[in-house]
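*Asks:* Everything in the sequence shown is counted per our numbering, starting at 11 for the first residue and increasing by one.
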Amino acid sequence: MTERSDSFPGPATEFAEPPPDAETSPSANPPPGTERAGGAEPAWAAIGAHNPDWLGWVRELYSIAQSGLTYCENPYDLERFEQLHVLAGQIAARCAAVSVPVAEGIFAGEVGYRTPKVDVRGVLFDADRILLVRERSDGGWSLPGGWADVGLTPSEVVVKEIREEAGLVAEPVRLLGVLDKRRHAHPPYPNDTYKIFIRCRVVGGTAAGGLETSDVGWFTRDALPPLSTNRITAEQLRLMFAFLDDPAAPALLD
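1. Assuming the contact rule is C-beta atoms closer than 8 Å, Cys210 and Val168 should be a hit. Round their C-beta distance to whole Å, please.
2. Grouping DSSP H, G and I as helix and E and B as strand, with all else coil, what is Asp159?
3. Spatial neighbours of Thr203 within its chain, please: CB distance less than 7 Å, with the 5 preceding and 5 following residues excluded, ordered by chain position.
4. Determine which residues share a DSSP beta bridge with Ala180 and list them.
5. If I follow the unbroken beta strand (DSSP E) through Glu145, where does it start and stop?
6. Taking the beta carbon of Thr223 as the centre, do at least 16 other beta carbons fall within 10 Å, making it buried, or is it exposed?
7. For Ala261, which of Lys205, Ala158 and Asp87 has the nearest alpha-carbon?
8. Between Glu174 and Gly220, how many whole angstroms is the CB-CB distance? I'm expecting something under 8 Å.
9. Anyone know if the C-beta pair for Ile172 and Pro154 falls short of 7 Å?
10. For Pro182, which residues from the same chain have a beta carbon less than 8 Å from its beta carbon, with the 5 sequence-adjacent residues on both sides left out?
11. In the DSSP assignment, find the unbroken alpha helix (DSSP H) run with Arg248 in it and report its ends.
12. If you check the beta carbons only, do Val226 and Ala176 fall under 7 Å apart?
13. Find out if the Cβ-Cβ distance for the pair Phe251, Arg231 is shorter than 7 Å.
Set out below in structure tokens:
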């Protein structure tokens, strides 16, 4: 991580936005439009090169402004919240070295009360090996999963994601953990995200990649492939393997 600097980066520059995919769209990482759980999105990919110390402040400013615009009725206060919203966009653009419209798209793409996004991941074991899928978006490996879908329970989401990304029919067994993405070694990301890990067992199907994944494999804890760190970290996989050593261990909670 770069050392903190009190000065902002140089002039804002607009970055081209690549087509959305698994982690750059609501199934890919979340800024505006489309994304998938765990990735970065179009213009957001360029922000990784800059000091992210300001990220939490900008997220909080947007959250305060958005909540005020949603619930406040006093016209004078509404005007102030609108000004705060605009100011947050200008700060984000300056810090991220993108144009204000791009920053607005990344950080202010929601309406109503701002809440964390929810990413659901399936944990499947075969003896001492864990199931991972290879993401087409960045070539890294991750647990099968993605953003929670409206109208589906977490268990239904994980079953759907395992089928779509790994070709396997799975059955949920137990909740292993609910982790806050900010507290783990993921690349910086514009949205707060809760990651739900659900242990499952294979009950059918044939292992195969899907639209967002190119390969499926089983790996031991000491022979993990390069990971898609937007979605999963080595430490989180270590925590999952710990449930092999102690199946009765309590669920993890940040």
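C-beta atoms are modelled at their ideal positions from N, C-alpha and C, and glycine is treated no differently.
Since the structure is predicted, the reported quantities are computational estimates derived from the model, not experimental observations.
*Replies:* In short:
1. With a Cβ gap of about 6 Å, Cys210 and Val168 count as contacting.
2. Asp159 falls in the coil class under three-state DSSP.
3. Taken in chain order, the residues that qualify are Pro126, Lys127, Asp129 and Lys191.
4. Answer is Val212.
5. In the DSSP assignment, Glu145 falls within the unbroken beta strand (DSSP E) covering Arg139 to Glu145.
6. By the neighbour-count criterion, in which 16 or more other beta carbons inside 10 Å mark a residue as buried, Thr223 falls on the buried side.
7. For Ala261, the nearest C-alpha among the options comes from Lys205.
8. Contact holds; Cβ gap of about 5 Å.
9. Yes. Within cutoff.
10. Excluding sequence neighbours, Pro182 sits near Ser165, Val168, Val169, Ile208, Arg209 and Cys210.
11. Segment Ala244 to Asp255, the alpha helix (DSSP H) holding Arg248.
12. Yes. Within cutoff.
13. Taking 7 Å as the Cβ cut-off, Phe251 and Arg231 qualify as a contacting pair.
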